[in-house]
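Working notes, structure below.
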Amino acid sequence: MKELQERILQDGKNLGNGILKVDSFVNHQVDPMLMDACGREFARRFANVGATKILTAEISGIAPALTTAIHLGLPVVYARKHKPITMPDQVYLTLAPSHTKGRMVELIISPEYLANDEKVLIIDDFLASGATILGLVRLAEASGSRVVGIGALIEKLFEGGRASLESLGVPVESLACITKLGEDGKIEFRD
225 MKELQERILQ DGKNLGNGIL KVDSFVNHQV DPMLMDACGR EFARRFANVG
275 ATKILTAEIS GIAPALTTAI HLGLPVVYAR KHKPITMPDQ VYLTLAPSHT
325 KGRMVELIIS PEYLANDEKV LIIDDFLASG ATILGLVRLA EASGSRVVGI
375 GALIEKLFEG GRASLESLGV PVESLACITK LGEDGKIEFR D
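Start counting the sequence shown at 225; every next residue gets the next number (the working numbering).
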């Protein structure tokens with residue numbers, strides 16, 4: 225998606241070690257117009273998968289998941305990273321490594337909001353190693369739901385995450401595919 229690529233080039237920062245900072249428009253401050261355009265594009269790409277819910281991870285995936293949900297007319301469930309006291313004792317929980325935090329994080333979902341027979345569309349901010357998305361897949365499967373598609377705003381192709389998702393047999397769509405984060409700060413995209 226050209227608009228997202230242009231914004232990454234304009235405001236994204238290549239911090240080295242495979243880390244791309246997009247805090248000014250995706251994960252700390254959110255550009256609602258850009259996220260709406262991304263949500264519209266995801267809705268177009270996943271219009272025929274039959275999703276009944278959208279699943280994402282707290283916090284960076286919420287904006288693109290929400291705008292996608294608006295365009296598809298679906299509810300959004302997000303995996304929490306900390307269990308609030310309002311959540312029941314019995315939950316779906318898995319661990320996933322966080323590249324930016326440098327440690328494992330919990331992903332927790334209440335069974336109240338993800339139940340048997342849901343058709344889940346996963347939307348997240350990044351597809352890198354695929355570990356977080358696979359954590360979301362585990363949560364969906366633990367609930368008796370089925371994943372029907374996976375979307376990421378930004379894919380770092382050089383981290384190989386797409387290959388880890390191939391066995392799921394569902395469509396995987398990324399709106400901006402990065403081939404290289406150069407040591408010189410340069411960001412290169414797949415055409």
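Where a beta carbon is used, it is the ideal one built from N, C-alpha and C, also for glycine. Note that this is a predicted model, so its numbers are computed, not measured.
Check: Do you know offhand how far Gln253's Cα is from Ala303's?
Finding: The residue labelled residue 253 in the question sits at position 29 within the sequence shown. The residue labelled residue 303 in the question sits at position 79 within the sequence shown. Spanning the two alpha carbons is a distance of roughly 20 Å.
Next item on the list: Could you give the DSSP three-state label for Pro256: helix, strand or coil?
Entry: Here residue 256 refers to the residue found at position 32 when the sequence shown is read from its first residue. DSSP places Pro256 in helix when its eight states are reduced to three.
Item checked: Distance CB(Asp348)-CB(Ala281) smaller than 7 Å -> Here residue 348 is taken as the residue at index 124 of the sequence shown, counted from 1. Here residue 281 is taken as the residue at index 57 of the sequence shown, counted from 1. Against a cut-off of 7 Å, the Cβ pair of Ala281 and Asp348 comes out as a contact.
Margin query: Judging by CA-CA distance, which residue of Lys404, Arg370 and Ala287 is the nearest neighbour of Leu239?
Written below: Your numbering for residue 239 matches position 15 in the sequence shown. Comparing Cα-Cα distances from Leu239 to each of Lys404, Arg370 and Ala287, the minimum goes to Lys404.
Next item on the list: Take every Cβ of the segment 394-408, pair it with every Cβ of the segment 255-266, and state whether three or more of those distances are shorter than 8 Å.
Entry: yes
Margin query: Could you give the first and the last residue of the continuous beta strand (DSSP E) run that contains Glu412?
Written below: In the sequence shown, the residue the question calls residue 412 occupies position 188. First-last of the beta strand (DSSP E) with Glu412: Ile411 to Phe413.
Notebook entry, point to check: How far does the alpha helix (DSSP H) with Leu360 in it reach, from first residue to last?
Noted result: As a first step, residue 360 is located in the sequence shown; it is residue number 136 there, counting from the start. Ala355 to Ala366 is the span of the alpha helix (DSSP H), which, as asked, contains Leu360.
Margin query: Rounded to the nearest angstrom, what separates Ser388 and Gly297 at their Cα positions?
Written below: On the sequence shown, residue 388 is found 164 positions in, with the first residue counted as 1. On the sequence shown, residue 297 is found 73 positions in, with the first residue counted as 1. If you take the alpha carbons of Ser388 and Gly297, they lie about 29 Å apart.
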